[in-house]
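Chains as they are written, first to last, in the numbering used here: chain D, 1008 to 1121; chain L, 64 to 179.
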């Protein structure tokens, strides 16, 4: 069964600190892995898209890693800001020529306090 | 570029009533999705369109939910009759191409539906 699991479920950190969010997946056939940021009351916004051959991808203070062998990904946030408070959703694309599906994790809720 | 537009932002109805949501995707995007997001969960796909054809509606409760995408542009999602468990945020998303080809998915801000 295609599945995406995220941990932790929630996280509280102080402004300026770093943090790492985890994503484990069992999806086949794997096409790509995406991280989204979802602010309260808003739709998800794409942070990164990584293919099988990519190990690391950065977007400003966000750095995603992908280990296709262990089927794990992480999202590292550097020097956190109050505006980083949001839910972070890991999404894996399972695709083949005839079909493609996005498998969503349940997200990690991050709260950054001053 | 303008983002994915959705309306209304909020809707409160009583159970057994009907409701409709509207979505205008980014211009030129061939693929359009409707997702249901229950509080604390990730989005769940309801229906996927490629232009004006349905690609996947396997998780759409067809006895009460319907969706259409006229002329391959705007889309509407309807619920009739609504149930309490339909209370959720309904997200519309669009992409230039299929997600298989690493095409970014752009979401609207959703419609929050409350069924009382």
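For glycine and all other residues, C-beta sits at the position ideal for the given N, C-alpha and C.
#1: Quick check: the region 1085-1095 of chain D against the region 139-157 of chain L, are there 3 or more CB pairs under 8 Å?
#2: What distance in whole Å lies between the Cβ atoms of residue 77/L and residue 179/L, which are believed to be in contact at a cut-off of 8 Å?
#3: Can you find a C-beta in chain D that's less than 7 Å from the C-beta of residue 99/L?
#4: How about residue 1013/D and residue 1097/D: do their beta carbons lie closer than 7 Å?
#5: Could you list which residues in chain L have their beta carbon closer than 7 Å to that of residue 1051/D, in chain order?
#6: Which one of 1100/D, 1114/D and 1120/D has the shortest CA to CA distance from residue 1036/D?
#7: With DSSP collapsed to three states, give me the class of residue 1092/D.
#8: Closest Cβ-Cβ distance between residue 1100/D and chain L: below 7 Å?
#9: Name the chain L residues whose beta carbon is nearer than 7 Å to that of residue 1039/D?
#10: Mind checking residue 101/L: buried by the 16 CB within 10 Å criterion, or exposed?
#11: Can you name, in chain order, every residue of its own chain whose Cβ lies under 6 Å from the Cβ of residue 84/L, other than the five neighbours on each side?
Quick look at the numbers:
#1: Output reads no: the region 139-157 of chain L does not touch the region 1085-1095 of chain D.
#2: At roughly 6 Å, the Cβ-Cβ gap stays under 8 Å, so residue 179/L and residue 77/L are in contact.
#3: So, not an interface residue.
#4: For residue 1013/D and residue 1097/D, yes; Cβs fall inside 7 Å.
#5: Contact of residue 1051/D with chain L by beta-carbon distance below 7 Å involves 170.
#6: Relative to the Cα of residue 1036/D, the nearest Cα in the group 1100/D, 1114/D and 1120/D belongs to 1100/D.
#7: Residue state, collapsed to three classes: coil.
#8: Closer than 7 Å: yes.
#9: The contacting residues are 165.
#10: Under this definition residue 101/L is an exposed residue.
#11: Excluding residues within five positions, the ones whose Cβ falls inside 6 Å are 140, 153 and 174.
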